[in-house]
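Here the structure comes first, spelled out in structure tokens, and everything after it is commentary.
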Amino acid sequence: MDVRAIRQMFPILDQEVNGHPLVYLDSSATSQKPISVIEAVENYYRFDNANVHRGVHTLGSRATDQYEGAREKVRRFINAGSTAEVIFTRGTTTSINTVAYSYARANLKPEDEILITPMEHHSNIIPWQQAAKATGATLKYIPLQDDGTVALEDVKSLVTDQTKIVAIAHVSNVLGTINPIKEIAQIAHAKGAVLLIDGAQGAPHMKVDVQDLDCDFYAFSGHKMCAPTGIGVLYGKRELLEEMEPVEFGGEMIDFVSLQDSTWKELPWKFEGGTPIIAGAIGLAAAIDFLEDVGMENILDHEQKLADYVMDRLSTVEDIKIYGPEHRAALVTFNLGDVHPHDVATALDSFGIAVRAGHHCAQPLMKWLNVTATARASFYLYNTEDDVEKLMDGLLKTKEFFGHVF
Amino acid sequence: MSFNNLETLYRQVIMDHYKNPRNRGVIEGDALTVDMNNPTCGDRIQLHLQVEEGKVKDAKFQGEGCSISMSSASMMTQAIKGKTVTEALEMSKHFSEMMLGEELDSDLDLGDAQALSGVSQFPARIKCATLAWKAMEKGINHK
Numbered sequence: 001m002d003v004r005a006i007r008q009m010f011p012i013l014d015q016e017v018n019g020h021p022l023v024y025l026d027s028s029a030t031s032q033k034p035i036s037v038i039e040a041v042e043n044y045y046r047f048d049n050a051n052v053h054r055g056v057h058t059l060g061s062r063a064t065d066q067y068e069g070a071r072e073k074v075r076r077f078i079n080a081g082s083t084a085e086v087i088f089t090r091g092t093t094t095s096i097n098t099v100a101y102s103y104a105r106a107n108l109k110p111e112d113e114i115l116i117t118p119m120e121h122h123s124n125i126i127p128w129q130q131a132a133k134a135t136g137a138t139l140k141y142i143p144l145q146d147d148g149t150v151a152l153e154d155v156k157s158l159v160t161d162q163t164k165i166v167a168i169a170h171v172s173n174v175l176g177t178i179n180p181i182k183e184i185a186q187i188a189h190a191k192g193a194v195l196l197i198d199g200a201q202g203a204p205h206m207k208v209d210v211q212d213l214d215c216d217f218y219a220f221s222g223h224k225m226c227a228p229t230g231i232g233v234l235y236g237k238r239e240l241l242e243e244m245e246p247v248e249f250g251g252e253m254i255d256f257v258s259l260q261d262s263t264w265k266e267l268p269w270k271f272e273g274g275t276p277i278i279a280g281a282i283g284l285a286a287a288i289d290f291l292e293d294v295g296m297e298n299i300l301d302h303e304q305k306l307a308d309y310v311m312d313r314l315s316t317v318e319d320i321k322i323y324g325p326e327h328r329a330a331l332v333t334f335n336l337g338d339v340h341p342h343d344v345a346t347a348l349d350s351f352g353i354a355v356r357a358g359h360h361c362a363q364p365l366m367k368w369l370n371v372t373a374t375a376r377a378s379f380y381l382y383n384t385e386d387d388v389e390k391l392m393d394g395l396l397k398t399k400e401f402f403g404h405v406f
Numbered sequence: 001m002s003f004n005n006l007e008t009l010y011r012q013v014i015m016d017h018y019k020n021p022r023n024r025g026v027i028e029g030d031a032l033t034v035d036m037n038n039p040t041c042g043d044r045i046q047l048h049l050q051v052e053e054g055k056v057k058d059a060k061f062q063g064e065g066c067s068i069s070m071s072s073a074s075m076m077t078q079a080i081k082g083k084t085v086t087e088a089l090e091m092s093k094h095f096s097e098m099m100l101g102e103e104l105d106s107d108l109d110l111g112d113a114q115a116l117s118g119v120s121q122f123p124a125r126i127k128c129a130t131l132a133w134k135a136m137e138k139g140i141n142h143k
């Protein structure tokens, strides 16, 4: 994998920030976009823009072909059995909310339980809190081990006949924990529960095969995998989606409409009310082309090496506290002595290094870690060991600066 | 090593307030209490105000956050103590204008809080600096 050549495909990386070459270490928040994705979106608007599924005219056909072509591309990317199982959404949050509104509210009774973990992003917590409130079901948590992993024995003992939904991140956006999805799916299914995976930090970084994982729902966002913001995917098993009611009603998703009643289009369109995110889907297709050209195995391999490297290097910094397990995805969440993470992030930014600081949309996890905030450096296929060295250098300077002013 | 850019923001007086906060604590008895947080980053402050006959008799704060939010709270409580409610609100307006880098049309003395003027060059940190002032405004306006 030629990272130098890959970097050249990302025009945004070639710039100075605060007088230093940009070191972008915030891809878990959103990834940068390669020129092929930018051009795909631009070309769509320049040459092919039309609404889909209705126009008899040529542009309408082109737009529809590209939009539905993107769906087929996503199907292959995650190895879904059918394009009927691939629903375009606004992003992971909308995907999870669709399941929480439609599946959860229709299937949960007061004696039922939803099982999640404290490492979840808010978008995989709050939809379930709301579904529990609406149905009287109970929201339960699988405890975390000291290193921020989930023990399968705990999952086994907590998944009971009452458990109807298990929802868990593929990869934690804070700890970098990679969860054992296949094993959790077996445990959930043995008790008749469905399993939803928040794949926001999974799909961009590793090959996802939803049939092999045997998850019932898999949610992810385009913008964390080189595609534009505003496009995401909800994969669901066909037999579940067939039984589910749409969440949004209006144009695009109907079959017949009469004065008092209407019927829905078939899958997947019944979940895509309104003019869909056409340019976003086309951008996502271009992003998948880009990622597959590089190769998802190569990307994972590159990131695993970077993850090991960054852990080796950062653990040598005096007073640094790193959160999460040894074996992890390519992100590292940390605190630097007594310096508040916002101050760390501002200092690093002054050296051109972009990291995230705050609670990372995971307040329950911050509480579990017993901190109010942390800093996070996250890596993607375009990052290099040189970026890690610049981060090291930036952290040492940050320590020097705050050591000096304190 | 030169830290010119950072030194614009982290002036000595700011770090002093962060390390040695003034008016940290609670006011026992009859005081206004305002809780405010910055949901995007987790900074949070609880402000106690004792207002009598239109004057801020006492102000104390507690909370957690970065050097900018905590030093600003320390400086704010110091600045408004003994001032009338109207003066305190005017100072808050003045402070907000300073954060936006605007030309100040009054010559109100914000005391040590003046040292936070450099924050205007760090847009991502303005909310940290204004948190305590917003809490004070909320407390006084809801009284």
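If you read the protein sequences in the order shown, they are chains A and B.
Quick note: the first sequence uses the UniProt record's numbering, first residue 1, plus one each step.
Quick note: the second sequence uses the UniProt record's numbering, first residue 1, plus one each step.
Positions of the beta carbon are idealized from the N, C-alpha and C atoms, including for glycine.
Below 8 Å between beta carbons: does that hold for residue i and residue j?
i: L131 (chain B); j: I45 (chain B); result: yes
i: L104 (chain B); j: S350 (chain A); result: no
i: I282 (chain A); j: A50 (chain A); result: no
i: R328 (chain A); j: T177 (chain A); result: yes
i: N179 (chain A); j: H170 (chain A); result: yes
i: A124 (chain B); j: M75 (chain B); result: no
i: L175 (chain A); j: Y323 (chain A); result: yes
i: P21 (chain A); j: C226 (chain A); result: no
i: N383 (chain A); j: L306 (chain A); result: yes
i: L336 (chain A); j: K399 (chain A); result: yes
i: Q277 (chain A); j: F77 (chain A); result: The amino acid occupying residue 277 (chain A) in the given sequence is Ile; Gln does not appear at that position. Contact flag unset, no.
i: M136 (chain B); j: V119 (chain B); result: no
i: S31 (chain A); j: K224 (chain A); result: yes
i: V294 (chain A); j: V74 (chain A); result: no
i: A100 (chain A); j: P127 (chain A); result: yes
i: W269 (chain A); j: E252 (chain A); result: yes
i: D58 (chain B); j: K83 (chain B); result: no
i: P246 (chain A); j: F220 (chain A); result: no
i: V85 (chain B); j: I140 (chain B); result: yes
i: D214 (chain A); j: K182 (chain A); result: yes
i: M1 (chain A); j: N298 (chain A); result: yes
i: S82 (chain A); j: R313 (chain A); result: no
Show which residues of chain A have a CB atom less than 8 Å away from the CB atom of residue i.
i: residue 148 (chain B); result: For chain B, the structure presents residues 1 to 143; residue 148 (chain B) sits outside this window and is missing.
i: L9 (chain B); result: T346
At 7 Å on the CB atoms, spell out the chain A contacts of residue i, in chain order.
i: N5 (chain B); result: N18 and S350
How would you call residue i, buried or exposed, if buried means at least 16 neighbouring beta carbons within 10 angstroms?
i: P39 (chain B); result: exposed
i: I12 (chain A); result: exposed
i: M244 (chain A); result: buried
i: S315 (chain A); result: exposed
i: F256 (chain A); result: exposed
i: L331 (chain A); result: buried
i: G358 (chain A); result: buried
i: K109 (chain A); result: exposed
i: A287 (chain A); result: buried
i: Y45 (chain A); result: exposed
Strictly below 8 Å CB to CB, what residues from chain B border residue i?
i: A347 (chain A); result: L6
Quick one: which chain B residues come within Cβ less than 7 Å of residue i?
i: F401 (chain A); result: F3 and L6
Compare the C-beta of residue i with all C-beta atoms of chain E and state if any pair is closer than 8 Å.
i: K321 (chain A); result: This model lacks chain E altogether, as its protein chains are A and B.
- Which residues, in order along the segment 9–40 of chain A, keep a beta-carbon less than 7 Å from a beta-carbon of chain B? For the segment 9–40 of chain A, which is checked against every Cβ of chain B, the residues closer than 7 Å are N18.
- Task: Taking 8 Å as the threshold, find out whether the segment 200–217 of chain A comes into contact with the segment 55–70 of chain A through three or more Cβ pairs.
- Result: No: the two stretches stay apart, fewer than three of their Cβ pairs being nearer than 8 Å.
- Note down, in chain order, all residues in the segment 108–137 of chain B with a beta-carbon under 8 Å from any beta-carbon belonging to chain A. Shown in chain order are the members of the segment 108–137 of chain B whose Cβ falls below 8 Å from a Cβ of chain A: F122, A124, R125 and C128.
- Are at least three pairs of beta-carbons, each pair with one atom in the segment 143–158 of chain A and one in the segment 125–135 of chain A, less than 8 Å apart? Between the segment 143–158 of chain A and the segment 125–135 of chain A there are fewer than three C-beta pairs closer than 8 Å, too few to call the two in contact.
- Task: Report the residues of the segment 75–91 of chain B with a CB closer than 9 Å to any CB of chain A, ordered along the chain.
- Result: From the segment 75–91 of chain B, no residue has a Cβ closer than 9 Å to chain A.
- Would you call the segment 158–171 of chain A and the segment 185–201 of chain A in contact, with 3 or more CB pairs under 8 Å? At 8 Å Cβ cutoff, the stretches touch.
- Query: Any contact of the segment 89–109 of chain B with the segment 358–372 of chain A, i.e. 3+ C-beta pairs under 8 Å?
  - Reply: Too few Cβ pairs lie closer than 8 Å, so no.
- Interface positions of the segment 55–67 of chain B facing chain A (Cβ-Cβ less than 8 Å), listed along the chain: Cβ proximity to chain A below 8 Å picks out E64, G65, C66 and S67 from the segment 55–67 of chain B.
- Can at least three beta-carbon pairs, one atom from the segment 80–99 of chain A and one from the segment 335–351 of chain A, be found at a separation below 8 Å? No: fewer than three Cβ pairs fall under 8 Å.
- Taking only beta carbons into account, state which residues of the segment 313–346 of chain A come closer than 7 Å to chain B, listed in chain order. Listed in sequence order: H340, H342, D343 and T346.
- So does the segment 136–145 of chain A actually touch the segment 101–118 of chain A, counting three or more Cβ pairs closer than 8 Å? Yes, the segment 136–145 of chain A is in contact with the segment 101–118 of chain A.
- Task: Tell me, please, whether the segment 8–21 of chain B touches the segment 57–76 of chain B by the rule of three or more beta-carbon pairs shorter than 8 Å.
- Result: As far as the Cβ criterion goes, the segment 8–21 of chain B touches the segment 57–76 of chain B, which means the pair count is three or higher.
- Okay, do the segment 54–74 of chain B and the segment 374–390 of chain A touch, 3+ Cβ pairs below 8 Å being the bar? Judged by Cβ distances under 8 Å, the segment 54–74 of chain B makes no contact with the segment 374–390 of chain A, as fewer than three pairs qualify.
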